[in-house]
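Asks: Mind looking over this structure? Questions follow.
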Amino acid sequence: MKKYIRIIATLALALVLGASNLQARDMIQIKGSDTLINLVQKLSEVYMEKNPGKYIAVTGGGSGTGIAALMNSQCDIADASRNMKPKEISRATSLGITPKRVVIAMDGLSVIVNGKNSVTKLTMDEIGKIFRGEVTNWSDIGGDNIPITLYGRQSNSGTFVFFRDVVLKGDYSARMKRMNGNSQIVEAVRHDKSGIGYVGVGYVKEATDLNVVSVAAHAGADYASPLNAEEVKSGKYPIARPLNQYINGTPTEAVRDFLLFEISSEGQEIVENAGFFPIPKEYEDLNKKSIGI
Amino acid sequence: MKIKEKLIHGLFLFNGLLVVFILIGIFSLLVFTAIPAFKEINIKEFLFSSNWNPTSYVKETYGIGAMLVSTIMVTAGALLLAVPIGIGAAAYLSDVASPKIREIVKPIIEILAGIPSVVIGFLGIVFVGPVISKTFGLPNGLNAVNGSILLGVMALPTIISLSEDALSSVSKTYSDASLALGATRWQTVIKVKIPAALSGVIAACMLGMGRAIGETMTVLMATGCAPAMPRSYLDSVRTMTSTIAIELGEVPYYTTHYYALFAVGLVLFIMTFCVNMTSDIILHKYQGKRV
Chain F
28 MKKYIRIIAT LALALVLGAS NLQARDMIQI KGSDTLINLV QKLSEVYMEK
78 NPGKYIAVTG GGSGTGIAAL MNSQCDIADA SRNMKPKEIS RATSLGITPK
128 RVVIAMDGLS VIVNGKNSVT KLTMDEIGKI FRGEVTNWSD IGGDNIPITL
178 YGRQSNSGTF VFFRDVVLKG DYSARMKRMN GNSQIVEAVR HDKSGIGYVG
228 VGYVKEATDL NVVSVAAHAG ADYASPLNAE EVKSGKYPIA RPLNQYINGT
278 PTEAVRDFLL FEISSEGQEI VENAGFFPIP KEYEDLNKKS IGI
Chain Y
5 MKIKEKLIHG LFLFNGLLVV FILIGIFSLL VFTAIPAFKE INIKEFLFSS
55 NWNPTSYVKE TYGIGAMLVS TIMVTAGALL LAVPIGIGAA AYLSDVASPK
105 IREIVKPIIE ILAGIPSVVI GFLGIVFVGP VISKTFGLPN GLNAVNGSIL
155 LGVMALPTII SLSEDALSSV SKTYSDASLA LGATRWQTVI KVKIPAALSG
205 VIAACMLGMG RAIGETMTVL MATGCAPAMP RSYLDSVRTM TSTIAIELGE
255 VPYYTTHYYA LFAVGLVLFI MTFCVNMTSD IILHKYQGKR V
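Note that the protein sequences, when read in sequence, are chains F and Y. Quick note: the first sequence uses the numbering used here, first residue 28, plus one each step. Quick note: the second sequence uses the numbering used here, first residue 5, plus one each step.
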């Protein structure tokens, strides 16, 4: 009798472990961008509510970390607020990974200053000079006589890389404080009269004590704001960028279904509620090709 | 019977050797993964340049000078805070406090030691930071002072516990003789007991120092992580531990950047190793002089 009880117990344990293993295999792992994390978490929550039995796990770590995880086959989807560099793509190919890009939203990367700061209009060139450390006092660009305090992200952030490549075209000042995420930058600038930082537009939607800077592409051009959907879509706002998700080769059924949800009108409504902008028309073909429809 | 004895003997021997092998293993991993870095990086530039920018837009540089100074700064600041308070608290617990108070305070200190470093880092951002920025008139409270305070708080339980043990184990004849000669209790503690327990107290401080050098999450959250060489304690700093934590997640394996991060880890390992060796030597040297 005891022998049979032991055998049945072992089989039951194996069944439980096996079943939970099955669940784990069906779970979609999403890793990467801090800019995208709140948005993708919201999308996952709504998707899981509508599709019971499906499981999605979303973690952050920065675009760089997400892309590295995709290359090491540690996640199904990599959130990235920048494009993969050619070096990363060739490295992925050499590891047997075929990265495919899906654009799920549009971001107007926002430069923010404190609510008490009167400087709310800057050109791209001026922003570049500030973050490269060449301009160090607010009085040099029409503000009060206070030294500028820079807040940025860390090097594993897609936003860090994008802002550097598009706006600075050079290295950040070594005195810039590297914060751990968009939220930390928002909080720091809110409490610091001399602060300036850059965050995804979804993070300024509900923030108080902040001024969002209107940016002109060059001296003499019009100033455009990232909060104005038309100016972002038309390209008048010069620091707009697509928010990507990278997958490996042909997506599994589960991943494909989630991606289709994200680019559907319901998913895009969630994107807009989160403060970002819907996918521009020019990326629709790319998305169709990557997802395989 | 004899076989059982031999088996247990062998098991204990195995356990002891396992620990040694793990240490040697970690050290070899660090050395072998760090060496390829120096094929591309000049050692002098690595140790003395203050420019660490492996993902630079312009030119990749691998100088740990600024990080080394930052680590030493926050560690020194932490010890400046924790050693006097720690030894004072230990003296209080061993000589002044009534047994009842000692029974309550000692466990509280143990609990302080168990607080996760992320929680302390969080307190640094949310509580200590604003206090520092108001006190010094700074735009932001994320700097070396903040890191030093937090690390001091983390090293405190270690220093208090071990110093208190050392003080308690000083032979009662010492303090009895001192009091009999007419010294006050204060003079006895400061001039007789602490010097007698010096080896244990120094060992406690060195262990607290080892904890401060290796702390990662707290300094990452609360020091502002600016890679420039700090000009004063009121500047944001980035320690070696923060750099490794930030960059190891996204670095492609087996590139110069990857090897360079292991080289930074090796420098950290050597620093902690030296601190522990020194505390060990001090402990053994003065143990012979005990009565």
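Built from N, CA and C at the ideal position, the CB exists for glycine as well.
Answer yes or no: does any C-beta atom of chain Y fall closer than 8 angstroms to that of K204/F?
Replies: Yes, because at least one Cβ of chain Y sits closer than 8 angstroms to the Cβ of K204/F.
Asks: Return the chain-ordered list of same chain residues with a C-beta closer than 6 angstroms to the C-beta of G224/F, the five sequence neighbours on each side being excluded.
Replies: Excluding residues within five positions, the ones whose Cβ falls inside 6 angstroms are I139, Y178, I212 and V216.
Asks: Do V205/Y and I91/Y have their beta-carbon atoms positioned less than 8 angstroms apart in this structure?
Replies: Contact flag set, yes.
Asks: Rounded to whole angstroms, what is the Cα-Cα separation between F16/Y and M5/Y?
Replies: Whole-angstrom Cα-Cα distance: 17 angstroms.
Asks: Determine the chain F residues that contact T59/Y at a beta-carbon separation under 7 angstroms, and present them in chain order.
Replies: Within chain F, the residues near T59/Y are S182.
Asks: Check whether the Cβ atoms of V78/Y and G128/Y sit closer than 8 angstroms, and answer yes or no.
Replies: Not in contact: V78/Y and G128/Y (Cβ atoms no closer than 8 angstroms).
Asks: Per the contact definition of three or more C-beta pairs closer than 8 angstroms, is the segment 91-103 of chain Y in contact with the segment 185-200 of chain Y?
Replies: Flag = yes, the segment 185-200 of chain Y and the segment 91-103 of chain Y touch.
Asks: Unbroken beta strand (DSSP E) runs of length 3 or more, entirely within the segment 240-280 of chain Y: which are they?
Replies: Qualifying beta strand (DSSP E) stretches: none in this window.
Asks: Alpha carbons only, please: which of P134/Y, F126/Y and V149/Y is nearest the one belonging to D321/F?
Replies: Residue numbering for chain F in the displayed model covers 28 to 320; residue 321/F lies beyond these limits and cannot be assessed.
Asks: Kindly indicate which three-state DSSP category Q272/F falls into: helix, strand or coil?
Replies: In the structure shown, Q272/F sits in a strand (DSSP, three-state: E or B).
Asks: On the DSSP bridge assignment, give the partners of Q211/F in chain order.
Replies: Q211/F is not bridged to any residue.
Asks: Residues of chain F with CB under 8 angstroms from I250/Y, in chain order?
Replies: Per Cβ cutoff of 8 angstroms: Q181, S182, N183 and R205.
Asks: Rounded C-beta distance between V240/F and L149/F? I'm assuming under 8 angstroms.
Replies: The Cβ separation is near 5 angstroms, so the contact holds.
Asks: Taking Cβ positions only, does Q50/F come closer than 8 angstroms to chain Y?
Replies: Any answer about Q50/F is weak, because its pLDDT of 49 lies below 50 and its placement is not dependable; what the coordinates show is given next. No, no contact with chain Y.
Asks: Where does T227/Y sit, in a helix, a strand or coil, going by DSSP?
Replies: In the structure shown, T227/Y sits in coil (DSSP, three-state: anything other than H, G, I, E or B).
Asks: Please say whether F285/F and G229/F have beta carbons closer to each other than 8 angstroms?
Replies: No, they are not a contact pair.
Asks: Taking only the alpha-carbon atoms, compute the straight-line gap between G160/F and V73/F and give it to the nearest angstrom.
Replies: Their Cα atoms are separated by approximately 43 angstroms.
Asks: Name the chain Y residues that come within less than 7 angstroms of D106/F, Cβ to Cβ?
Replies: Neighbours of D106/F on chain Y: none; closest Cβ ~13 angstroms, over 7 angstroms.
Asks: Helix, strand or coil: how does DSSP classify M77/Y here?
Replies: The answer is helix: DSSP assigns M77/Y an H, G or I state.
Asks: Checking contacts by CB at 8 angstroms: is V23/Y closer than that to chain F?
Replies: Judged by the 8 angstroms Cβ criterion, V23/Y is not in contact with chain F.
Asks: Start and end of the beta strand (DSSP E) containing A184/Y?
Replies: Careful: A184/Y lies outside any beta strand (DSSP E), inside the alpha helix (DSSP H) at K176 to A184.
Asks: Taking three-plus beta-carbon pairs below 8 angstroms as touching, is the segment 233-250 of chain F in contact with the segment 280-300 of chain F?
Replies: Too few Cβ pairs lie closer than 8 angstroms, so no.
Asks: So which residues on chain Y does K220/F lean against when the C-beta distance must stay under 8 angstroms?
Replies: Those within 8 angstroms of K220/F in chain Y are P143.
Asks: Is the beta carbon of L171/Y closer than 8 angstroms to that of A95/Y?
Replies: Yes, Cβ-Cβ distance for A95/Y and L171/Y is below 8 angstroms.
Asks: From what residue to what residue does the alpha helix (DSSP H) around G294/F run?
Replies: S292 to N300 is the span of the alpha helix (DSSP H), which, as asked, contains G294/F.
Asks: For M98/F, name the three-state secondary structure that DSSP assigns.
Replies: Helix.
Asks: Could you give the distance in angstroms between the alpha-carbon of Y178/Y and the alpha-carbon of M158/Y?
Replies: Straight-line Cα distance between these residues: approximately 32 angstroms.
Asks: What residue range is occupied by the uninterrupted alpha helix (DSSP H) comprising G68/F?
Replies: Gly is not the amino acid found at residue 68/F; the sequence shown has Gln there. Taken as a continuous stretch (DSSP letters only), the alpha helix (DSSP H) holding Q68/F covers D61 to K77.
Asks: Between the segment 261-278 of chain Y and the segment 49-66 of chain Y, do at least 3 Cβ pairs fall closer than 8 angstroms?
Replies: With the cut-off at 8 angstroms, the segment 261-278 of chain Y and the segment 49-66 of chain Y touch.
Asks: How is I104/F classed by DSSP in three states: helix, strand or coil?
Replies: DSSP places I104/F in strand when its eight states are reduced to three.
Asks: Can you tell me where the alpha helix (DSSP H) holding I116/F begins and where it ends?
Replies: Counting along the chain, the alpha helix (DSSP H) containing I116/F begins and ends at P113 to S121.
Asks: Could you check what DSSP says for I138/F in three-state terms: helix, strand or coil?
Replies: For clarity, residue 138/F is Val in the given sequence; the question names Ile instead. In this structure, V138/F counts as strand in the three-state DSSP scheme.
Asks: Compare the C-beta of A230/Y against all C-beta atoms of chain F and say whether one is closer than 8 angstroms.
Replies: By this cut-off, A230/Y is an interface position.
Asks: Select from the segment 156-178 of chain F all residues with a C-beta closer than 7 angstroms to any C-beta belonging to chain Y, and list them in chain order.
Replies: Going along the segment 156-178 of chain F in chain order, one finds T176 with a Cβ nearer than 7 angstroms to chain Y.
Asks: For chain Y, find out if any of its Cβ atoms is closer than 8 angstroms to the Cβ of A234/F; answer yes or no.
Replies: Not one chain Y Cβ lies under 8 angstroms of A234/F.
Asks: If I follow the unbroken beta strand (DSSP E) through K148/F, where does it start and stop?
Replies: Here the beta strand (DSSP E) through K148/F covers K148 to T150.
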